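In this note's numbering, the protein residues as written are 2 to 89.
Everything below concerns the one structure shown next.
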Amino acid sequence: MYAVSKGVANLNELEYVKGEILANIWHSTRIARVDPHSGQIFAWIDLSSIAAKEPHRQEEVLNGIAYDKSADRLFVTGKNWSKLFEIR
């Protein structure tokens, strides 16, 4: 687990996936993986390579997470982005 003494600010988009919470951090290219029982972050997903592929203005940041449970697929996108990315 990651020690977070002050908590994590700017949680923007939450998605419950396979027993964990994925939480996008506003104005960040990271998604926190959160244990729903303890509230502790146990890992980060770095999406900087995806954000670099999509040209966008300052406020058009990564902010969308969607999980397709029936096909076990995870998608991310950003505000006003032209693409939806499937990640594994």
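For glycine and all other residues, C-beta sits at the position ideal for the given N, C-alpha and C.
Computed from a predicted structure; not experimentally measured.
query: How many angstroms separate the CA atom of A67 from the CA atom of F76?
result: It is roughly 5 Å from the alpha-carbon of A67 to the alpha-carbon of F76.
task: Would you mind giving the Cβ-Cβ distance between N64 and W27, rounded to the nearest angstrom? I have them listed as a contact below 8 Å.
output: Contact annotation, N64 with W27: C-beta distance approximately 7 Å; criterion of less than 8 Å satisfied.
query: Quick one: what's got a C-beta closer than 6 Å to E16's C-beta in the same chain, skipping five residues either side?
result: Excluding positions up to five away in sequence, the list reads L23, I66 and Y68.
- prompt: Identify the residues that DSSP records as bridge partners of N25: which are they?
  reply: E14 and I32, per the DSSP bridge assignment.
Endpoints, beta strand (DSSP E) assigned at A44: Run containing A44: I42 to D47, per the beta strand (DSSP E) assignment.
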